[in-house]
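One structure is given here, and the rest of the page talks about it.
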Amino acid sequence: MSDHVVALCGGVGGAKLAHGLTLALPPDALSLIVNTGDDFRHLGLHISPDLDSVMYALAGLADPVRGWGRREETWTFMQALKGLGGDTWFQLGDGDLATHVERTRRLAQGDSLSAVTAELCRALGIAVRVLPMSDDAVRTRVLSGDGWLDFQEYFVHRQCQPAVRDFAFAGADTARAQPEALAALHRDDLRAIVICPSNPFVSVDPILAVAGLRAAIRASGAPVIAVTPIIGGKAIKGPAAKMLAELGLEVSGAAVARHYADLIQGFVIDALDPLPEPLRGVTFFRAATLMRTTEDRVRLAYATLQAADTLRGTRA
Ligand code: GDP
14 MSDHVVALCG
24 GVGGAKLAHG
34 LTLALPPDAL
44 SLIVNTGDDF
54 RHLGLHISPD
64 LDSVMYALAG
74 LADPVRGWGR
84 REETWTFMQA
94 LKGLGGDTWF
104 QLGDGDLATH
114 VERTRRLAQG
124 DSLSAVTAEL
134 CRALGIAVRV
144 LPMSDDAVRT
154 RVLSGDGWLD
164 FQEYFVHRQC
174 QPAVRDFAFA
184 GADTARAQPE
194 ALAALHRDDL
204 RAIVICPSNP
214 FVSVDPILAV
224 AGLRAAIRAS
234 GAPVIAVTPI
244 IGGKAIKGPA
254 AKMLAELGLE
264 VSGAAVARHY
274 ADLIQGFVID
284 ALDPLPEPLR
294 GVTFFRAATL
304 MRTTEDRVRL
314 AYATLQAADT
324 LRGTRA
């Protein structure tokens, strides 16, 4: 099928389904729009955690045990930095460090984040388009009981301990959507827009906050389908469940579906979860959504695409 699929994703969770989609579709049939709201500068380096998680997952380089970074990583740099009394709250493996150094060098040379990402993907043998949501800086901030925190301060330094009250995406209203991402959403042969099982508040919402992206998704005639990041009332990893609870929401896939209700026509909940109360304009599908193996990723990718295909033509 020549029809195109656009997938929105954050880092580790989203990257697993993104990987499944790359195995289920030809490379030119898929565009991945990746969150860059977590990007930050550290030790003089430009770090893009979600782009890196996606690249490592697609290149087969991701560490399956740690859940982030590269497999077979070594830590000489970190140990040496510690010995020098340097800043060690953000772990940088030696192989991972090479990605940040090379990205930072190319950005300093004047290349855009999109161009640098395309080059890194080429070098890693990734054929599918991996697109940062914007080449302009958007920075996710978290409102906690301790006031506003930069995302990495909240996520890594404070280990998600402060209770969240709200989120902001500084720069999102003036950031220009990445042009290929926008063009992909405007295609008239769009088969589906997939929202991967990523954290809705700090991985997907920053993408939707970039000027023009939410409107382009709304204007598209293609079905929009999201996959639950919550299984059995729990997140597989990270603070999504904790955030839902702290915001006074039910900790369930259904609550995530309600969060996206103005945007989606389909939502994939886990096969082990009860079918949610009906939600206007949203069809629920069930699938095994826990992705332990590559086969799980591919199976969920096919199930999601199949579900989206049943929704084709249902949009006004
Ligand atoms: P991050 O930016 O690295 O935190 O990555 P994401 O936001 O993309 O992914 C975090 C979300 O992925 C969490 O809410 C997890 O519950 C979810 N997640 C991780 N692994 C899986 C999985 O195998 N299946 C499903 N359905 N969700 C997952």
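Going by the working numbering, the first residue of the sequence shown is number 14, and it counts up by one from there. No residue lacks a Cβ here, since even glycine has one placed at the ideal position from N, Cα and C.
ask   = With a CB to CB cut of under 7 Å and the five nearest residues on each side skipped, what residues in its chain are close to A37?
value = V311, A314, Y315 and L318
message = Let's test the definition: count the other Cβ atoms within 10 Å of the Cβ of R293 and tell me whether it reaches 16, buried, or not, exposed.
response = exposed
task = Could you tell me which uninterrupted beta strand (DSSP E) segments, each at least 3 residues in length, are contained entirely in the stretch 16-71, listed from first to last along the chain?
result = 17-22, 43-47, 53-55 and 58-60
query = Do you know offhand how far L260's Cα is from P213's?
reply = 13 Å
request  = Check the C-beta distance from I55 over to T117 and give it rounded, since I have them as a contact under 8 Å.
outcome  = According to the sequence as given, residue 55 is His; it is not Ile. That pair is no contact at about 10 Å.
task = Determine the extent of the alpha helix (DSSP H) in which R231 is found, giving its start and end residues.
result = L226 to A232
message = On the DSSP letters alone, give me the boundaries of the beta strand (DSSP E) that S341 sits inside.
response = Because the chain here runs from 14 to 329, residue 341 falls outside it and cannot be looked at.
inquiry  = Does the contact criterion of 3 or more C-beta pairs under 8 Å hold for the stretch 35-52 versus the stretch 144-151?
reply    = yes
query = If you draw a straight line from the alpha carbon of M14 to that of S211, how long is it in whole angstroms?
reply = No answer about M14 holds up, because its pLDDT of 48 lies below 50 and its placement is not dependable.
ask   = Just checking my contact of I238 with Q278 at CB under 8 Å: how many whole Å lie between their CB atoms?
value = 7 Å
request  = Inspect the CB distances between the stretch 116-132 and the stretch 163-177 and report whether three or more fall short of 8 Å.
outcome  = no
ask   = Does Q172 come within less than 8 Å of chain C when only Cβ atoms are used?
value = Judged by its chain identifiers, the structure shown contains no chain C, having just a single protein chain.
ask   = Between A253 and the ligand GDP, is the CB less than 7 Å from at least one heavy atom?
value = yes
key: Proximity to T11 [Cα-Cα], best of R231, L226, R200 and L285   = The structure shown does not extend to residue 11, since the chain is modelled only from 14 to 329, so the question has no answer here.
ask   = Is the stretch 200-211 touching the stretch 24-41 in the sense that three or more CB pairs, one from each, lie closer than 8 Å?
value = yes
ask   = In the structure shown, what three-state DSSP assignment does A314 receive?
value = helix
inquiry  = Using a Cβ-based criterion (distance less than 7 Å to any ligand heavy atom), does I238 qualify as near the ligand GDP?
reply    = no
inquiry  = Closer than 7 Å to a non-hydrogen atom of the ligand GDP - does that hold for the CB of P210?
reply    = yes
ask   = Given C134, which residues of its chain have a CB within under 7 Å of its CB, disregarding the five upstream and five downstream residues?
value = M68 and V143
query = Hey, is D51 close to the ligand GDP, as in C-beta under 7 Å from one of its heavy atoms?
reply = yes
request  = Could you tell me which residues DSSP puts in a beta bridge with P145?
outcome  = V47
message = By DSSP's criteria, F297 is part of a beta bridge. Which residues make up the other side?
response = F280
inquiry  = Measuring straight from C-alpha to C-alpha, what distance separates V229 and A235?
reply    = According to the sequence shown, residue 229 is Ala rather than Val. C-alpha separation (whole angstroms): 11 Å.
query = From what residue to what residue does the beta strand (DSSP E) around R204 run?
reply = L203 to I208
task = Starting from the C-beta of P62, find all residues in its chain whose C-beta is less than 7 Å away, skip the five residues before and the five after it, and write them out in chain order.
result = G24 and D51
request  = Report yes if the C-beta of K95 is less than 7 Å from at least one heavy atom of the ligand GDP; otherwise report no.
outcome  = no
ask   = Taking the alpha-carbon positions, what's the G326 to F297 distance?
value = 17 Å
inquiry  = For D76, report the span of its alpha helix (DSSP H) as first-last.
reply    = Counting along the chain, D76 falls outside any alpha helix (DSSP H), and DSSP gives it neither H nor E.
message = Going by beta-carbon coordinates alone, are I185 and A222 separated by less than 8 Å?
response = At residue 185 the sequence reads Ala, which differs from the Ile that was named. Their beta carbons are under 8 Å apart, which means A185 touches A222 by this criterion.
Cβ neighbour criterion (16 or more within 10 Å) applied to L288 = exposed
ask   = S233: buried (16+ other C-beta within 10 angstroms of its C-beta) or exposed?
value = buried
task = Select from A150, L226 and Q104 the residue whose C-alpha is nearest the C-alpha of H170.
result = Q104
task = Would you identify the three-state DSSP class for K247, choosing helix, strand or coil?
result = strand
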